[in-house]
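**Q**
Residue numbers (the working numbering), protein chains in the order written: chain V, 14 to 292; chain A, 14 to 292.
#1: Can you give, in chain order, each stretch of the beta strand (DSSP E) that sits fully within the stretch 87-155 of chain A and has at least 3 residues?
#2: What separation, rounded to the nearest whole angstrom, lies between the Cα atoms of residue 212 of chain V and residue 251 of chain A?
#3: Please confirm whether residue 160 of chain V has its beta-carbon closer than 8 Å to some beta-carbon of chain A.
#4: Residues in its own chain within less than 8 Å of residue 29 of chain V by CB, not counting five upstream and five downstream?
#5: Quick one: which residues of the stretch 144-160 of chain V get their C-beta closer than 7 Å to a C-beta of chain A? List them in chain order.
#6: Return the first residue and the last residue of the alpha helix (DSSP H) that residue 58 of chain A is part of.
#7: Return the residue from the list V:115, V:228, V:156 and V:107 that minimises the CA-CA distance to residue 205 of chain V.
#8: Using the DSSP secondary-structure output, state which residues sit across from residue 17 of chain V in a beta bridge.
#9: Looking only at its chain, what residues have a beta carbon closer than 7 Å to the beta carbon of residue 107 of chain V, apart from the 5 residues adjacent to it on each side?
#10: Taking the alpha carbon of residue 289 of chain V as the reference point, which residue from A:131, A:188 and A:136 has its own alpha carbon closest?
#11: Can you tell me the Cβ-Cβ gap for residue 184 of chain V and residue 109 of chain V, rounded? I've got them flagged as a contact below 8 Å.
#12: According to DSSP, residue 178 of chain A sits in a beta bridge with which residue or residues?
#13: Report the option in V:193, V:188 and V:122 whose CA atom is closest to the CA atom of residue 161 of chain V.
#14: Does any heavy atom of the ligand COA sit closer than 7 Å to the C-beta of residue 284 of chain A?
#15: Please classify residue 198 of chain V as buried or exposed, where buried requires at least 16 other C-beta atoms within 10 Å of its C-beta.
#16: Looking only at its chain, what residues have a beta carbon closer than 7 Å to the beta carbon of residue 73 of chain A, apart from the 5 residues adjacent to it on each side?
#17: Beta-carbon within less than 6 Å of residue 258 of chain A's beta-carbon, same chain only, minus the 5 sequence neighbours each way: which residues are those?
#18: Tell me which residue opens and which closes the alpha helix (DSSP H) that residue 262 of chain V is part of.
#19: Would residue 201 of chain A and residue 256 of chain V be called neighbours here (beta carbons separated by less than 8 Å)?
#20: Mark residue 238 of chain A as exposed unless 16 or more other C-beta atoms lie within 10 angstroms of its C-beta, in which case mark it buried.
#21: What are the residues of the stretch 19-47 of chain A that lie near chain V, defined by any Cβ-Cβ distance shorter than 8 Å?
#22: For residue 63 of chain V and residue 103 of chain V, I'd like the C-alpha separation in whole angstroms.
#23: Output, in chain order, the set of chain V residues within a Cβ distance shorter than 9 Å of residue 224 of chain A.
#24: What residues in the stretch 275-290 of chain V have a beta carbon less than 7 Å from any beta carbon of chain A?
#25: Could you confirm whether any beta carbon from chain V is found closer than 8 Å to the beta carbon of residue 210 of chain A?
#26: Between residue 230 of chain A and chain V, is the shortest Cβ-Cβ distance under 8 Å, so that the two count as touching?
#27: Which residues in chain A have a C-beta closer than 9 Å to the C-beta of residue 271 of chain V? List them in chain order.
#28: Of all the CB atoms in chain V, is at least one closer than 8 Å to the CB of residue 69 of chain A?
#29: I'd like to know whether the C-beta of residue 242 of chain V is nearer than 8 Å to at least one C-beta of chain A.
#30: Whose C-alpha, out of V:154, V:112, V:139 and V:248, is nearest the C-alpha of residue 180 of chain V?
#31: Between the alpha carbons of residue 176 of chain A and residue 89 of chain V, how many angstroms are there, rounded?
#32: Taking residue 70 of chain A as the reference, which of A:124, A:286 and A:95 has the closest Cα?
#33: With a cut-off of 8 Å on the beta carbons, I'd call residue 293 of chain A and residue 105 of chain A a contact; round off their distance for me.
#34: Excluding the 5 residues preceding and the 5 following residue 92 of chain V in the sequence, name in chain order all residues of the same chain whose CB lies nearer than 7 Å to its CB.
#35: Are the C-beta atoms of residue 256 of chain V and some chain A residue less than 8 Å apart?
#36: Name, going along the chain, the residues of the stretch 72-93 of chain V whose beta-carbon falls closer than 9 Å to a beta-carbon of chain A.
Laid out in structure tokens, this is it:
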């Protein structure tokens, strides 16, 4: 089948690499609003040809939307307007509910499959594309009852080919889950980066002295605002609740220190340690 | 030279592995208050022989203290009481000021070198020992003006042999640095783990769905209370200040979301991204 990838960055580029390895696409077409990214993706061999969005819609069996979520919001209705009943469009965005609402009544809604592969790195652009990025990770598939069975089958084939495991939920459940297990981690890393950089300016903390622990905790703070501001905007309510829940636990740990209550601190750390059983 | 390692866990065991590879020790002796850990370390070949603390003090040129910081606080004065002018004791603990004060007036203070290698993992015990753990990392060396030149030279030889880079500072500077670049990261990871686990119990967030981002941010939450409660206790003042500085940045990000001020959110994320230049 012919697969078009809209957005040739980390996620789109990594999909392109893995789909090529899996041998599932007879031809991989690429679309990117940045001429520089598009040219680089072609140079790296991520896609076979560059086309326009209209070209992709005319020539593809499957259209993968791998752009920031604000761009998906604009693109998806336009793609559904033009899509034929033999084609499938799949989005790979990190938020789902707002998008689900936006196309809920669209006559071609059943050609669309809403998906969120829980994989990524802190890097962006075609050069960040990584073969095997999705292997063993999970793709959250949302509201599949609104997608045509053949569209679901096509999407599952693609995701299976790149090594993803499946989980099914509503777009509303998705956004709450994602707020905790993905979006909150980014807020935390951004805040940690800002706090440590501020100390750096005051001449005290020196991140270059830091070991692997700090690097690991702060890693997501390298993620770009182009991708993340639209995510926070679209999932604002859930992210705000997750920030409050997190802040309350920070304060709880702080109160143990203030009160010299090291028994309680130990109990909380033991509870936190149990994340070993969940990851 | 004969080197004794007191504490055969992640740090002590990893030092043993790298010292053996470097060929610096004619014999490696091991001490551990846990018989189980001691036997396992011997079985793994981390050390050549198990000895008592007194045995280590009698037979070694160098004594490395690789136990939790509360145990270092108890052990170091005892080791200094018995140490000979040809021997060197080095501690590898994560806090420094309280310890520095405790032995400042000891007649054998100059046989002691205060060090903190900024390397580790979230795992503990002899099985967590990792060859190459220290390679390319930094060791913070504190108050070297109070250590004898030959003791400094011995310590630097050992640290150089395992691939560590050197940074020099006072124990007071160390504790403030460490609060930001190491201890705060642990508080943040513990709080994130607690918040997400709470959602898990409510049936919403599901950490097993999480991608690499959450796993990276929360990794340090697996670190044991045996090691970390004493660190927080000994560096309480600086950790409390670091928590406040961090919490203020979380609230700043939250206020952007509450006020729908996405321009300011973008600016803060761009600032946070600059951690790329420091790591």
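In this text, a Cβ means the ideal position worked out from N, Cα and C, and glycines have one as well.
**A** Reading from the atomic positions:
#1: 101-104, 125-130 and 151-155
#2: In the first chain, the residue the question calls residue 212 of chain V occupies position 199. In the second chain, the residue the question calls residue 251 of chain A occupies position 238. Spanning the two alpha carbons is a distance of roughly 12 Å.
#3: Taking the first chain and counting its residues from 1, the one referred to as residue 160 of chain V is at position 147. Output row for residue 160 of chain V: interface = no.
#4: Reading the first chain from its first residue, position 16 is the one you call residue 29 of chain V. Here the set comprises 18, 21, 41, 43, 54, 59, 60 and 142.
#5: 150, 151 and 153
#6: Translated into the one-based positions of the second chain, residue 58 of chain A becomes position 45. No alpha helix (DSSP H) holds residue 58 of chain A; DSSP gives it neither H nor E.
#7: Locating residue 205 of chain V in the first chain gives position 192, counting from the first residue. It is V:228.
#8: For the purposes of this step, residue 17 of chain V is taken as residue 4 along the first chain, with counting starting at 1. In the DSSP output, where bridge partners are listed per residue, residue 17 of chain V has V:42 and V:76.
#9: One-based indexing of the first chain puts residue 107 of chain V at position 94. Taking C-beta separations shorter than 7 Å and ignoring five residues to either side along the sequence, the partners of residue 107 of chain V in its chain run 82, 129, 191, 195 and 244, following chain order.
#10: Indexing the first chain from 1 puts residue 289 of chain V at position 276. Of the listed residues, the one whose Cα sits closest to residue 289 of chain V is A:136.
#11: As a first step, residue 184 of chain V must be located in the first chain, where it is residue number 171. As a first step, residue 109 of chain V must be located in the first chain, where it is residue number 96. Contact holds; Cβ gap of about 4 Å.
#12: Looking up residue 178 of chain A in the second chain gives position 165. For residue 178 of chain A, which the question treats as bridged, DSSP gives the partners A:151.
#13: In the first chain, the residue the question calls residue 161 of chain V occupies position 148. Closest option to residue 161 of chain V, Cα to Cα, is V:122.
#14: This structure simply doesn't include the ligand COA, nor any ligand for that matter.
#15: Here the question's residue 198 of chain V lines up with position 185 in the first chain. So residue 198 of chain V counts as buried.
#16: What you label residue 73 of chain A is simply residue 60 of the second chain in a count that begins at 1. Closer than 7 Å at the Cβ level, and outside the excluded window around residue 73 of chain A, lie 15, 16, 17, 42 and 100.
#17: As a first step, residue 258 of chain A is located in the second chain; it is residue number 245 there, counting from the start. Excluding sequence neighbours, residue 258 of chain A sits near nothing in its chain.
#18: Translated into the one-based positions of the first chain, residue 262 of chain V becomes position 249. Residue 262 of chain V -> alpha helix (DSSP H) spans 249-271.
#19: Within the second chain, residue 201 of chain A is the residue found at index 188, counting from 1. Within the first chain, residue 256 of chain V is the residue found at index 243, counting from 1. For residue 201 of chain A and residue 256 of chain V, no; Cβs fall outside 8 Å.
#20: For this step, residue 238 of chain A is matched to residue 225 along the second chain. Flag for residue 238 of chain A reads buried.
#21: Answer set for the stretch 19-47 of chain A: empty.
#22: Here residue 63 of chain V refers to the residue found at position 50 when the first chain is read from its first residue. Here residue 103 of chain V refers to the residue found at position 90 when the first chain is read from its first residue. Near 19 Å, if we compare the C-alpha coordinates of residue 103 of chain V and residue 63 of chain V.
#23: In the second chain, residue 224 of chain A corresponds to position 211, counting from 1. Result: 130, 131, 132, 133, 150, 151, 194 and 195.
#24: 275, 278, 279, 281, 282, 283, 284, 285, 286, 287, 288 and 289
#25: Position 197 of the second chain, counted from the start, is the residue given in the question as residue 210 of chain A. Answer yes: the Cβ-Cβ gap between residue 210 of chain A and chain V drops below 8 Å somewhere.
#26: Working through the second chain from its first residue, we reach residue 230 of chain A at position 217. The C-beta of residue 230 of chain A comes closer than 8 Å to at least one C-beta of chain V.
#27: Residue mapping note: residue 271 of chain V aligns to position 258 of the first chain, counting from 1. In chain order: 249 and 253.
#28: Residue 69 of chain A sits at position 56 when you count from the first residue of the second chain. It does not; no Cβ of chain V falls within 8 Å.
#29: What you label residue 242 of chain V is simply residue 229 of the first chain in a count that begins at 1. With 8 Å as the cut-off, residue 242 of chain V counts as an interface residue toward chain A.
#30: Counting from 1 along the first chain, the entry for residue 180 of chain V is found at position 167. For the residues V:154, V:112, V:139 and V:248, the minimum Cα distance to residue 180 of chain V belongs to V:154.
#31: In the second chain, the residue the question calls residue 176 of chain A occupies position 163. In the first chain, the residue the question calls residue 89 of chain V occupies position 76. One C-alpha to the other measures close to 53 Å.
#32: Here residue 70 of chain A corresponds to residue number 57 of the second chain, with the count starting at 1. Taking only the C-alpha atoms, the option nearest residue 70 of chain A is A:95.
#33: The displayed coordinates of chain A run from 14 to 292. Any statement about residue 293 of chain A would go beyond what the structure contains.
#34: Taking the first chain and counting its residues from 1, one reaches residue 92 of chain V at position 79. Close CB contacts of residue 92 of chain V within its chain, under the 7 Å cut and outside five residues either way in sequence, are with 70, 76 and 102 (chain order).
#35: Sequence index remark: in the first chain, residue 256 of chain V carries index 243 (1-based). For residue 256 of chain V, the answer is yes, since a Cβ of chain A falls inside 8 Å of its Cβ.
#36: none
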